[in-house]
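Numbering-wise (our numbering), the sequence shown opens with residue 172 and increments by one.
Each residue gets a CB set at the ideal place from its N, CA and C atoms; glycine is no exception.
Only one structure is covered here, and it is reproduced in the block below.
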Amino acid sequence: MKLLKTIILIIFITLSISANAQKINVRIYSDKQIKEASFVSSFGRYKIKIGEKEISIHKADIVKLRNKADKVEVLINDSLIGSYKNICFNSQGLMNFFLISPKENGIPERRYDDNLIVSVENNHLKLINNIEIESYIAGVVQAETWGATKNVDFFKLQAICVRNYLFMNMNKHKKDNYHMCDGVHCQAYKGRANQVEVIQGAYNSKGEVIIDSAGNLIETLFHANSGGETVNSEDVWSKPFSHLVSKKDTFSVGMKAYEWEKYIRLRDWRNYFKSKGLDIKDDSIKNELINFSQKNGRKKEMLGVPLVQIRKDFSLRSTFFDCQLWGSEVRLNGRGYGHGVGMSQEGAINMCDQGYEYWQVIEFYYSGAKIKRLEIDKILNKTNQLIINEN
Ligand SMILES: [Zn+2]
């Protein structure tokens, strides 16, 4: 009953814009080698299109797809249909999704919205999900957030960040003939979103992107928690951006991932800095090793060693920590989780819960940035080139 209600609500959300929806091609299971998989229609209606021929798929049909001599061999309920270079599963209804189950052990089955295009590349199946932009965005948001909230405004924010990345990187896989892969190389995408608030966030922010004062799309970096102060982008990646500058962030204070601690053997801690060329017998260095503090604000280095390097070498949650001697160990008292650049997800949730509008959150975390609504039907032209500055 709950599932039916959810599905009806999702149809309602997507119905108004489905008529002239823009679709993109996303390569799915891009880091997996699949020789055989089965397709089952989970919801809605599908037809297989092979050249000019069309075959209707019924609800309980199992369509087997396997690599055979550089073609896709198709079997429906175990009867052989034929082998083809390309086949498309085209959705017919208002809302459609399917289940894809790879035969290989350890590769999970997943559900996807809209259409599927199958071909063979290097003796393996190449699976392309042809999907409406907003449904793809919802899928990415669901893969990147951890169900910590039901606040639609927060999912709008996440959706806008994902949309910015998509539009800035639309040509990343141009040579491969699709727009995005589903790995971290592009944006992690593990199938369709099924949380209603996530889908609402994507559709309610349709066409909205974040631009700087010159009207260009911006890098919308985010992390879990800033620890109370965000970081300049150049302090992490050496490249400065005017919208990614350090600022005090009280919204992240006290949230779930705000504090952490880690104990490191004093000997290991000293040897680490010795390996960086420091004279650890020097009294002032000895003192700094156990009394380093960022209580008055974030620093970039500790004894000349970049904090981003220390974070990486000791697998720390953040670079925002103080040191304290604790028996034969050094205790690191840390704040925040992640690189600290751009939007703090927990800070954003806190702002939304306090009643701030989602555009206020964007303006807080991305200095000088504004939201712009693009004419969705003008976003892609016939050759799939992105049009942003249509004015
Ligand atoms: Zn990619």
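Quiz prompt | DSSP three-state assignment for K220, whether helix, strand or coil | solution = In the sequence shown, the residue the question calls residue 220 occupies position 49. K220 falls in the strand class under three-state DSSP.
Quiz item: When the distance is taken between beta carbons, is I299 closer than 8 angstroms to I288?
Solution: Here residue 288 refers to the residue found at position 117 when the sequence shown is read from its first residue. Here residue 299 refers to the residue found at position 128 when the sequence shown is read from its first residue. In this structure, I299 lies closer than 8 angstroms to I288 by Cβ.
Quiz item: Do Y283 and I205 have their C-beta atoms closer together than 8 angstroms?
Solution: As a working mapping, residue 283 is identified with position 112 in the sequence shown. As a working mapping, residue 205 is identified with position 34 in the sequence shown. No; because the gap between Cβ atoms is not below 8 angstroms, this pair is not in contact.
Practice problem: Please report how far the alpha carbon of K220 lies from the alpha carbon of N335, in whole angstroms. | Solution: In the sequence shown, the residue the question calls residue 220 occupies position 49. In the sequence shown, the residue the question calls residue 335 occupies position 164. Between K220 and N335, the C-alpha separation is close to 33 angstroms.
Practice problem: Starting from the Cα of V355, find the closest Cα among V197, I226, P411, W431 and give me that residue. | Solution: Walking along the sequence shown from the start, residue 355 turns up at place 184. Closest option to V355, Cα to Cα, is V197.
Exercise. Identify, in the order they occur along the chain, each residue of the same chain with its Cβ nearer than 7 angstroms to the Cβ of V402, setting aside the five sequence neighbours on each side.
Key: Locating residue 402 in the sequence shown gives position 231, where the first residue counts as 1. Contacts found: S417, R469, H510, G511, V512.
Practice problem: Tell me, to the nearest whole angstrom, how far the beta carbon of F326 is from that of V369; I am working on the premise that it is less than 8 angstroms. | Solution: Counted from its first residue, the sequence shown places residue 326 at position 155. Counted from its first residue, the sequence shown places residue 369 at position 198. Going by Cβ atoms, the distance from F326 to V369 rounds to 5 angstroms, so yes, they are a contact pair.
Quiz item: Ordered along the chain, which non-local residues of its own chain (more than five positions away) have a Cβ less than 7 angstroms from that of F260?
Solution: Position 89 of the sequence shown holds residue 260. Here the set comprises F210, Y217, I219, F269, N286, L287.
Practice problem: Could you have a look at R544 and say whether DSSP puts it in helix, strand or coil? | Solution: Working through the sequence shown from its first residue, we reach residue 544 at position 373. Reduced to three states, the DSSP call for R544 is strand.
Quiz item: From K194 to G362, what distance separates their C-alpha atoms?
Solution: Locating residue 194 in the sequence shown gives position 23, counting from the first residue. Locating residue 362 in the sequence shown gives position 191, counting from the first residue. Their Cα atoms are separated by approximately 15 angstroms.
Quiz item: Between which two residues does the alpha helix (DSSP H) carrying L496 extend?
Solution: Along the sequence shown, one-based indexing puts residue 496 at 325. That residue, L496, is in no alpha helix (DSSP H); its beta strand (DSSP E) goes 492 to 497.
Quiz prompt | Host alpha helix (DSSP H) of K445 (start-end) | solution = As a first step, residue 445 is located in the sequence shown; it is residue number 274 there, counting from the start. That run of the alpha helix (DSSP H) goes 437 to 446.
Self-check item: Closest by C-alpha distance to Y508, when choosing among E500, Y429, D439, A359
Solution: Looking up residue 508 in the sequence shown gives position 337. Among E500, Y429, D439, A359, the Cα nearest to that of Y508 belongs to Y429.
Quiz item: Looking at C-alpha atoms only, which residue of L296, S397, S213 is the closest neighbour of H229?
Solution: Along the sequence shown, one-based indexing puts residue 229 at 58. For H229, the nearest C-alpha among the options comes from S213.
Quiz item: Under the three-state reduction of DSSP, which class applies to A208: helix, strand or coil?
Solution: Counted from its first residue, the sequence shown places residue 208 at position 37. A208 falls in the strand class under three-state DSSP.
Self-check item: Proximity of Y255 and K239 at Cβ, strictly below 8 angstroms
Solution: Here residue 255 refers to the residue found at position 84 when the sequence shown is read from its first residue. Here residue 239 refers to the residue found at position 68 when the sequence shown is read from its first residue. Taking 8 angstroms as the Cβ cut-off, Y255 and K239 do not qualify as a contacting pair.
Quiz item: Relative to ligand 1, is the shortest distance from any of its heavy atoms to the C-beta of C567 smaller than 7 angstroms?
Solution: For residue 567 there is no data in the structure shown, the boundaries of the chain being 172 and 562.
Self-check item: Three-state secondary structure (DSSP) of V333
Solution: Here residue 333 refers to the residue found at position 162 of the sequence shown. Helix at V333.
Quiz item: Leaving out five residues before and five after Y537 in sequence, what residues of the same chain have Cβ atoms less than 8 angstroms from its Cβ?
Solution: Position 366 of the sequence shown, counted from the start, is the residue given in the question as residue 537. Counting only Cβ-Cβ distances below 8 angstroms, and skipping sequence neighbours, we find I381, I389, T391, H414, L415, G513, M514.
Quiz item: Is it true that the CB of Y443 sits closer than 8 angstroms to the CB of D484?
Solution: The count along the sequence shown starts at 1 and reaches residue 484 at position 313. The count along the sequence shown starts at 1 and reaches residue 443 at position 272. Contact: yes.
Exercise. Report yes or no: do the stretch 396 to 411 and the stretch 343 to 357 share at least 3 C-beta pairs separated by less than 8 angstroms?
Key: no
Exercise. Check the DSSP bridge columns for C352 and list the partner residues they point to.
Key: As a first step, residue 352 must be located in the sequence shown, where it is residue number 181. R198, per the DSSP bridge assignment.
Quiz item: Among G215, A364, F535, which one has its Cα closest to the Cα of G264?
Solution: Sequence index remark: in the sequence shown, residue 264 carries index 93 (1-based). Looking at the Cα atoms, G215 is the closest of the given residues.
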